[in-house]
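Chains as they are written, first to last, in the numbering used here: chain A, 1 to 118; chain B, 1001 to 1116.
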Amino acid sequence: AQTVTQSQPEMSVQEAETVTLSCTYDTSENNYYLFWYKQPPSRQMILVIRQEAYKQQNATENRFSVNFQKAAKSFSLKISDSQLGDTAMYFCAFMKLHPWAGSYQLTFGKGTKLSVIP
Amino acid sequence: NAGVTQTPKFQVLKTGQSMTLQCAQDMNHNSMYWYRQDPGMGLRLIYYSASEGTTDKGEVPNGYNVSRLNKREFSLRLESAAPSQTSVYFCASSEAGLAGVGDTQYFGPGTRLTVL
């Protein structure tokens, strides 16, 4: 079974600064997907970024980027130029790649509560 | 294009009552999912449907049943609600079908359920 660990229950960052959220995972799979989801106070789960394990290049989406270290099983999220709207819970999630291995289940970490301070 | 919609948004039940949570998606996705989120926890999969006509258990299926009514709709039923089922329930959908590989899941706004 896969496990996803987010070791920082809460973090804060000044507006316009950069912050990095940590995520580690445990799996015996070689091919998989990793995701970061954002959950603002509205409770809506919003996809921030995704990474395919077979790709060596780190994914980026505007101000959001990841540092994917496959050997270390680490998948951190960097938010640059933090904005007040980035205040939310952030969840790291793991998905196996192949249907016959049960690829449809996302395994989530417990989340990191990020507060952006004006 | 509404994405994934869920009804109701809030519900309070008494122990032993039954209810059905409704979910619909308009993205022509093949796969649909039901998750629950408890305080201090990430989401955990209850059931999923890889395609119309199929359903499978996830991590925490006990006390729940599901129906994939058609490609758009996937309902979750609590036959005899218990306080342990107090949670926020999320429906999600993704393009992947039986022949697909893992891909991005898109979530509805959630239903907050309280069982007294």
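Just so it is clear, CB atoms sit at the ideal spot from N, CA and C, and this is done for glycine as well.
Given the structure is predicted, the values throughout are model-derived calculations rather than measurements.
Nearest by alpha-carbon distance to Arg-63/A: which of Gln-83/A, Tyr-104/A, Phe-75/A is it? If you number the first sequence from 1, residue 63/A lands on position 63. The candidate whose alpha carbon is nearest that of Arg-63/A is Gln-83/A.
Does the ligand COA have a heavy atom nearer than 7 Å to the CB of Leu-34/A? In terms of ligand content, the structure shown is empty, and the ligand COA therefore cannot be addressed.
Assign Leu-77/A to buried or exposed, taking buried as 16 or more other Cβ atoms, counted over all protein chains shown, within 10 Å of its Cβ. As a working mapping, residue 77/A is identified with position 77 in the first sequence. Leu-77/A comes out buried.
Among Thr-27/A, Ser-74/A, Lys-55/A, Leu-97/A, which has the Cα closest to the Cα of Thr-20/A? Mapped onto the first sequence, residue 20/A falls at position 20. The shortest Cα separation from Thr-20/A among Thr-27/A, Ser-74/A, Lys-55/A, Leu-97/A belongs to Ser-74/A.
Check whether the region 46 to 54 of chain A touches the region 7 to 15 of chain A, counting contact only when three or more Cβ pairs, one atom from each stretch, lie closer than 8 Å. With a cut-off of 8 Å, the region 7 to 15 of chain A and the region 46 to 54 of chain A do not count as touching, because too few Cβ pairs lie within range.
Which of the three DSSP states, helix, strand or coil, is assigned to Ser-7/A? Counting from one through the first sequence, the residue named residue 7/A turns up at place 7. Residue state for Ser-7/A is assigned as coil, using DSSP reduced to three classes.
Suppose you measure from the CA of Asp-1038/B to the CA of Ser-1087/B; what does that come to, to the nearest Å? Numbered from its first residue, the second sequence carries residue 1038/B at position 38. Numbered from its first residue, the second sequence carries residue 1087/B at position 87. Between Asp-1038/B and Ser-1087/B, the C-alpha separation is close to 5 Å.
Quick one: which chain A residues come within Cβ less than 8 Å of Tyr-1047/B? Position 47 of the second sequence, counting from 1, holds the residue named residue 1047/B. The premise fails here: Tyr-1047/B is roughly 10 Å from chain A at the closest Cβ pair, so nothing lies under 8 Å.
Looking at the secondary structure, which residues open and close the beta strand (DSSP E) in which Ala-59/A lies? Stepping through the first sequence from its first residue, residue 59/A is reached at position 59. Looking at the DSSP string, Ala-59/A is not in any beta strand (DSSP E), and its letter there is neither H nor E.
With contact counted as at least three CB pairs below 8 Å, one residue from each stretch, are the region 108 to 116 of chain A and the region 1001 to 1013 of chain B in contact? Segments in contact, no.
What does the Cβ neighbour count give for Gln-69/A, buried or exposed, with the cut at 16 atoms within 10 Å? What you label residue 69/A is simply residue 69 of the first sequence in a count that begins at 1. Burial is judged here by how many other beta carbons sit within 10 angstroms of a residue's own beta carbon; Gln-69/A has fewer than 16 and is exposed.
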